[in-house]
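See below for the structure under consideration.
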Amino acid sequence: MKTFERILMKIVLIQFIILVFSQFFFHKIEVLPELQQLARYEGVTEDNFSQILETFNGR
């Protein structure tokens, strides 16, 4: 069982490293400009924090 846990932890670590690298690769280096346009269209790149506060304050 110990070897299985060791292998599982290695797989999880490798997947995490690949996830971080791919996020950096696609969003910071701008490999696919379509992703930047899509992120702007969805509104996830803008700071909407003040609008959320206004909603919670009852405005």
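Its first residue numbered 277, the sequence shown is counted upward by one per residue in our numbering.
Cβ coordinates follow ideal geometry from the N, Cα and C atoms, glycine included.
Quantities reported herein were computed from a predicted structural model and do not represent experimental measurements.
Problem set entry | Length of the line joining the Cα atoms of Phe301 and Ile294 | If I take the Cα positions, the gap works out to 10 angstroms.
Exercise. Quick one: what does DSSP say Met285 is sitting in, helix, strand or coil?
Worked result: In the structure shown, Met285 adopts helical secondary structure according to DSSP, grouped into three states.
For this session: From the DSSP output, in three-state form, read off Leu308 for me.
Result: Correct three-state label for Leu308: coil.
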